[in-house]
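Taking it in order: structure first as C-alpha cells, then the write-up.
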Ligand code: PEP
Ligand code: MN
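In this note's numbering, the protein residues as written are 641 to 941.
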C-alpha cells in the first residue's frame, strides 16, 4: 500500500449513498479538488470549460468499410473523434449471426482510419488482457459502465497516461463513481473525463427505451467536480428519436463533451439497432448543437 494512501483519522461513520463533507475531505479529495482541469487530447482537441468535443461513431467496429464510411462523414462535419469498439461487452452471451467482435483486426482498421483521416480514436477496454493492443491505437481509453468499479483495470488504465473516459454504471451513485475516479487519480493520471450514460429506472416511458439519461447527475457533478463531464444520450435512452433532444438538454446542463452513436444504416447495426442516429439526423444534430452551445459559451469540436 502506498504510504500517502493511509489516512489515520479516516471515518466510516456515515456510510451513505450521498456525498458527505467527510468524503470530500478524505475519500474523494482529488476528484473534488477546486482546481479546474482541462483534458487535452491533441493540439486541437481539448475537453474544457470552453469546449465541447463530440465523440461519434457506431457501436462496434463491424467492418473496415463501415468505419471508413463513418470516419469520412464525421470528418466532413468537423467532428474530430471517432468511437467504435473492437472489443465489445454484451449484456447477454448470445449474439446474432451477423455479429462478431472484430478484435485486433478492428483495431488495425482503426489505425488505418487514424492515418487516413487524422481523427482521434476512443475505444473501450473490456478486459485487462486487451490493454496492450487497445492502448496502441486508442487516443482515449473508455472504461465502460460495466467496468466502472473494476479497480485493477482502472489502475492499469491510469498507468498508460492516456486520457480516460470513466462511465458511470447505470446503478451506481455519484459517490461510487467518484470513488472509482479517485482510484485513477491516485495513480497519477489526471487526464480524466467522467461520463453520464443513463441509469436504470423503474420507468423509461417507452418499451424501446432502456435507461434514463440522468441530466441531474450532470448538474450535480458540475457542482462537485472540476474535471470534464460528458454525456452519452445514446446509451441512456437507447432510442434514436429521443437522442437529439437529450443531446440539447445535456448541453444546457453544462456537459463538456458528448458521445453520440451513429451508423450509416442503423437498422442493420450488428448490435443495438434502435440506438444510433443515421447520417442525416446526425448532421442535423451537429448543426443545431453548434448553435445551442454558442448560447452557453461553449465551442463544439
Ligand atoms: C458503449 O459505449 O458502447 C457502451 C457499451 O457503453 P456503456 O458502458 O455505457 O453501456
Ligand atoms: Mn454501445
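The beta-carbon is built from N, C-alpha and C at its ideal position, and this holds for glycine as well.
Set against 6 Å, the gap from the CB of residue 787 to the closest heavy atom of ligand 2 is not smaller.
Rounded to whole angstroms, the Cβ separation of residue 659 and residue 815 is 5 Å, and the two are in contact under 8 Å. Put simply, of 691, 774, 850 and 746 the residue whose alpha carbon is nearest the alpha carbon of residue 940 is 691.
By the CB criterion at 7 Å, residue 760 and residue 779 fall inside the cutoff. Cα atoms of residue 708 and residue 796: separation of roughly 30 Å, rounded to the nearest angstrom.
Comparing alpha-carbon positions, the option among 649, 687 and 844 lying closest to residue 878 turns out to be 844. Within the segment 651 to 731, the alpha helix (DSSP H) runs of at least 4 residues that lie entirely inside it are, in chain order, 704 to 716. For residue 856, the enclosing alpha helix (DSSP H) has its first and last residue at 855 to 864. Look at residue 646 here: in three-state DSSP terms it is coil, with no helix or strand label. When the five nearest sequence neighbours on each side are left out, the beta carbons in the same chain lying within less than 7 Å of the beta carbon of residue 711 are those of 722, 753, 757 and 759, in order along the chain. Here the distance from the Cβ of residue 699 to the nearest heavy atom of ligand 2 is below 6 Å.
A distance below 7 Å separates the beta carbons of residue 812 and residue 788. At least 7 Å separates the beta-carbon of residue 925 from that of residue 881.
Within the same chain, 647 and 650 come within 7 Å of residue 666 by CB-CB distance, once the 5 residues on both sides are set aside.
For the set 896, 874, 747 and 875, the Cα lying nearest the Cα of residue 859 is the one of 896.
DSSP places residue 917 outside any beta strand (DSSP E), giving it a letter other than H or E. Taking the Cα positions, residue 892 is about 8 Å away from residue 932. Shown here, residue 871 sits in a strand according to DSSP, grouped into three states. From the listed residues 669, 717 and 730, the smallest Cα separation to residue 912 is found for 730. Beta-bridge annotation (DSSP): residue 760 is paired with 721. For residue 898, there is no enclosing alpha helix (DSSP H); the enclosing beta strand (DSSP E) covers residues 898 to 901.
Around the C-beta of residue 938, 16 or more other C-beta atoms lie within 10 Å, and the residue is accordingly described as buried. A distance below 6 Å between beta-carbons, with the five flanking residues on each side excluded, links residue 889 to the following residues of its chain, in chain order: 855. For residue 746 and residue 644, the gap between their C-alpha atoms comes out near 40 Å. Counting only residues of its own chain and dropping the five nearest sequence neighbours on each side, residue 902 has a CB closer than 6 Å to the CB of 696, 916, 917 and 922. For the pair residue 833 and residue 872, the CB atoms are not nearer than the 7 Å cut-off. Ranking 809, 848, 725 and 824 by CA distance to the CA of residue 840 puts 809 first.
In this structure, DSSP gives residue 796 a helical state, which the three-state scheme calls helix. Its chain contains no residue whose beta carbon lies nearer than 7 Å to that of residue 703 once the 5 sequence neighbours on both sides are disregarded. DSSP places residue 776 in the uninterrupted alpha helix (DSSP H) bounded by 771 to 777.
In the structure shown, residue 817 falls within a helical segment according to DSSP collapsed to helix, strand and coil.
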